[in-house]
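**Q** One structure is given below, represented as structure tokens, and several questions about it will come after.
Numbering (the numbering used here), first residue to last: 43 to 294.
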């Protein structure tokens, strides 16, 4: 069952949960099966209907195939707490194909991927896409502590050089991911995380970049205007024109 909505390639699907497991402190990995044809690029997101709640919950796409979807999310409120209790074979009402994702280019030969916390998941499919076209990918991932770390092995299995930072120094290097930027060779940067991290990245890097912004959303597809932000090229909606914006258009 699904119905097409006349807004880009967005569709509404009823997806079945294949697995929903805890992978770090308050962090869960959910896999779903169904029609994923609306998802076309890394960095897009889905909007999930939660029973009993008015607004859907936007979650970044971690990975996808033609008939499967992987989401990694953190329990931060009522909606995600309900989601974490879902079981195998439960069904979810999902809007898919939302937002503009990352643009992958063969000229990005040595890309640097920077993520913090739940800014990490959308970088996974991005890394796969870049490796597929022959890129040499480095990932910088930041977490609060050892208990929060996830997907390190998954990135390494893809062939990425992966560096982990924790704020308390309980795993990997102590400090912030931005501390390692100057020691690395790269020709392009992709980043996802809190705006404060993205701004710090922007102050350090010497290349072009694409940033994925985290923002509170209402509808998720550009109708309610609540996630509008100013850019050098006018107002843009993070849910529709983003969440990925190019470095050249961002106003801090």
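Note that the Cβ used here is the ideal one computed from N, Cα and C, for glycine as well.
#1: Taking C-alpha atoms, which residue in 64, 136, 107, 102 lies nearest to residue 190?
#2: Tell me, which residues are paired with residue 254 by DSSP?
#3: Per the DSSP calculation, residue 197 is bridged to which residue(s)?
#4: With a 10 Å radius around its C-beta and 16 neighbouring C-beta atoms as the bar for buried, classify residue 281 as buried or exposed.
#5: What is the C-beta distance between residue 78 and residue 54, in whole angstroms, given that I count them as a contact (C-beta under 8 Å)?
#6: Taking the alpha carbon of residue 59 as the point to measure from, which residue in 128, 101, 88, 69 has its own alpha carbon closest?
#7: Since residue 236 contacts residue 158 with CB under 8 Å, what's their CB separation in whole angstroms?
#8: Given that a residue counts as buried once 16 or more other Cβ atoms are within 10 Å of its Cβ, and exposed if not, what is residue 230?
#9: Let me know if residue 248 comes out buried or exposed under the rule of 16 or more other beta-carbons within 10 Å of its beta-carbon.
#10: Would you mind working out which of 177, 124, 255, 182 sits nearest residue 226, comparing C-alpha positions?
#11: Taking DSSP as the reference, what is the three-state secondary structure of residue 221?
#12: If you reduce the DSSP assignment to three classes, tell me which class residue 77 lands in.
#13: For residue 72, does the three-state DSSP call read helix, strand or coil?
#14: For residue 148, which of 175, 238, 217, 69 has the nearest alpha-carbon?
#15: Here's the rule: buried if 16 or more other CB atoms are within 10 angstroms of the residue's CB, otherwise exposed. What is residue 238?
#16: Between the Cα of residue 102 and the Cα atoms of 179, 162, 253, which residue gives the shortest distance?
#17: Following the continuous beta strand (DSSP E) through residue 112, name the residue where it begins and the one where it ends.
#18: Excluding sequence positions up to five away, which residues of its chain have a Cβ less than 8 Å from the Cβ of residue 244?
#19: Which value, in whole angstroms, describes the spacing of the CA atoms of residue 44 and residue 184?
#20: Please list, in chain order, all residues of the same chain as residue 61 whose beta carbon is under 8 Å from its beta carbon, the five residues on each side excluded.
#21: Classify residue 278 as buried or exposed, calling it buried when 16 or more other Cβ atoms lie within 10 Å of its own Cβ.
#22: Please go through the same chain and pick out, in chain order, the residues whose beta-carbon is closer than 6 Å to the beta-carbon of residue 210, but skip the five residues on each side of it.
#23: With burial defined as no fewer than 16 other Cβ atoms inside 10 Å of the residue's Cβ, what is the status of residue 46: buried or exposed?
#24: Could you tell me whether any Cβ in chain B is nearer than 8 Å to the Cβ of residue 85?
#25: Between 274, 221, 170, which lies nearest to residue 199 when the distance is taken from Cα to Cα?
#26: Compute the Euclidean distance between the alpha carbons of residue 104 and residue 83, then round it to the nearest angstrom.
#27: Using a Cβ distance threshold of 8 Å, determine whether the segment 83-102 contacts the segment 135-143, with at least three qualifying pairs required.
**A** Looking at the atomic coordinates:
#1: The closest CA to that of residue 190, considering only 64, 136, 107, 102, is found on 64.
#2: Beta-bridge pairing by DSSP links residue 254 to 234, 286.
#3: In DSSP, residue 197 forms no bridge with anything.
#4: Buried.
#5: Actually they are not in contact, since the Cβ atoms of residue 78 and residue 54 sit about 13 Å apart, beyond 8 Å.
#6: Of 128, 101, 88, 69, the residue nearest in Cα terms is 128.
#7: Your pair residue 236 and residue 158 checks out as a contact, with CB atoms roughly 6 Å apart and the cut at 8 Å.
#8: It is buried - the Cβ of residue 230 has at least 16 other Cβ atoms within 10 Å.
#9: It counts as exposed.
#10: For residue 226, the nearest C-alpha among the options comes from 182.
#11: Here residue 221 sits in helix by DSSP.
#12: The three-state reading of DSSP puts residue 77 in coil, since its state is none of H, G, I, E or B.
#13: DSSP places residue 72 in strand when its eight states are reduced to three.
#14: The option with the nearest alpha carbon to residue 148 is 175.
#15: Residue 238 is exposed by the Cβ-count criterion.
#16: Selected option, being the one with the closest Cα: 162.
#17: Bounds of the beta strand (DSSP E) holding residue 112 are 110-116.
#18: The beta carbon of residue 244 sits closer than 8 Å to those of 251, 253, 289, 292, 294, all from its chain and outside the five residues before and after it, given in chain order.
#19: Bear in mind that a pLDDT of 35 at residue 44, under 50, signals an unreliable position, so the number given afterwards is only what the model happens to contain. Here the alpha carbon of residue 44 sits roughly 38 Å from the alpha carbon of residue 184.
#20: Hits under 8 Å: 71, 72, 73, 130.
#21: Its Cβ being crowded by 16 or more others within 10 Å, residue 278 is buried.
#22: The residues 187, in chain order, have a CB closer than 6 Å to that of residue 210 in the same chain once the five nearest residues on each side in sequence are set aside.
#23: Unreliable placement is indicated for residue 46, whose pLDDT of 41 sits below 50; no coordinate value is reported for it.
#24: Of the chains in the structure shown, none is chain B; there is only one protein chain.
#25: It is 170 whose Cα lies nearest to the Cα of residue 199.
#26: Distance from the CA atom of residue 104 to the CA atom of residue 83, rounded to whole angstroms, is 11 Å.
#27: Flag = yes, the segment 83-102 and the segment 135-143 touch.
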